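Undergrad: Residue numbering for the sequence shown follows my numbering, beginning at 227 and increasing consecutively. I have a structure I would like to understand better, so I am pasting it below and will then ask my questions one at a time.
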Amino acid sequence: MIETPRKPVILAVDDASDTLGMLSAVLEGADMTTLVANDGESALSLLSHIVPDLILMDAVMPRMDGFETTRAIKARENFTHIPIIFMTGLAEPENVVRGFDAGGVDYITKPIVPEVMLARVRTHLANARLTQSARRALDVSGTSLMAVNGGGQVLWVTPRGLPLPPCTKSTIPPR
């Protein structure tokens with residue numbers, strides 16, 4: 227039996243209702259389900275109930291900006307894999323870097339060009355699907371594997387790799 231793929235779920239977070247309306251129209255026209263939140267707190271609350279496939283995040287919002295909201299999302303264990311694309315009028319290099327440092331995978335400057343935004347969304351959705359498929363395949367392979375970042379933080383472990391053995395600096399092989 228062939229499984230019909232479900233429509234991607236996109237969470238759009240922006241304090242401008244006209245932007246949310248445009249994003250909803252464009253994404254739904256591209257056969258994607260769109261959820262909206264008009265601030266960071268609302269987005270975090272919504273994420274208590276659903277895990278979207280991708281998040282479009284405005285950087286400049288009252289109370290909790292998009293950078294802070296993204297860091298809060300990425301700090302949640304079940305949300306580290308979700309691609310977050312920033313969309314903002316802040317085009318200065320330091321803000322672009324700030325977006326990537328917060329956990330974003332891409333950065334779109336406003337005004338948003340719908341065709342470009344859709345191309346980026348589709349690309350990041352495809353990459354996320356491939357990554358998830360690879361992780362699932364490794365999970366069922368029975369192999370013990372672990373992904374660690376440059377700082378030594380464990381990013382991901384196959385079920386066979388748990389529980390993690392104790393390790394000290396002396397047990398870690400040199401690079």
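Glycine included, every Cβ here is placed at the ideal spot set by N, Cα and C. Because the structure is a prediction, the values reported are computed rather than measured.
1) With DSSP collapsed to three states, give me the class of L280.
2) Taking C-alpha atoms, which residue in T295, R324, D279 and V262 lies nearest to R232?
3) Quick one, which of H275, T314 and A269 has its alpha-carbon nearest A298's?
4) Taking C-beta to C-beta, are M406 and V380 nearer than 8 Å?
5) Report yes or no: do three or more beta-carbon pairs, one from the region 255 to 266 and one from the region 322 to 331, lie closer than 8 Å?
6) What did DSSP end up calling V239 once you bin it into helix, strand or coil?
7) Going by other Cβ atoms of all chains shown within 10 Å of its Cβ, with 16 needed for buried, is R346 buried or exposed?
8) Does the count of Cβ pairs from the region 298 to 310 and the region 243 to 263 closer than 8 Å reach three?
9) State the start and end residues of the unbroken beta strand (DSSP E) segment that holds A263.
10) Since F312 is in the beta strand (DSSP E), which residue starts that stretch and which ends it?
11) What are the residues that DSSP puts in a beta bridge with I334?
12) Determine the contact status of T295 and M313, defining contact as a CB-CB distance below 8 Å.
TA: According to the structure shown:
1) Locating residue 280 in the sequence shown gives position 54, counting from the first residue. If DSSP states are grouped into helix, strand and coil, L280 belongs with the strands.
2) In the sequence shown, counting from the first residue as 1, residue 232 sits at position 6. When each option's Cα is compared against that of R232, the closest is D279.
3) The residue you call residue 298 lines up with position 72 of the sequence shown. For the residues H275, T314 and A269, the minimum Cα distance to A298 belongs to A269.
4) There is simply no residue 406 to check, as the chain begins at 227 and stops at 401 in what is shown.
5) no
6) As a first step, residue 239 is located in the sequence shown; it is residue number 13 there, counting from the start. DSSP places V239 in strand when its eight states are reduced to three.
7) Residue mapping note: residue 346 aligns to position 120 of the sequence shown, counting from 1. With a 10 Å radius around the Cβ and a threshold of 16 neighbouring Cβ atoms, R346 comes out buried.
8) Counting Cβ pairs under 8 Å, fewer than three are found: no touch.
9) Numbered from its first residue, the sequence shown carries residue 263 at position 37. For A263, the enclosing beta strand (DSSP E) has its first and last residue at T259 to A263.
10) The residue labelled residue 312 in the question sits at position 86 within the sequence shown. Residues I310 to T314.
11) Residue mapping note: residue 334 aligns to position 108 of the sequence shown, counting from 1. DSSP lists M313 as partners of I334.
12) On the sequence shown, residue 295 is found 69 positions in, with the first residue counted as 1. On the sequence shown, residue 313 is found 87 positions in, with the first residue counted as 1. Contact: no.
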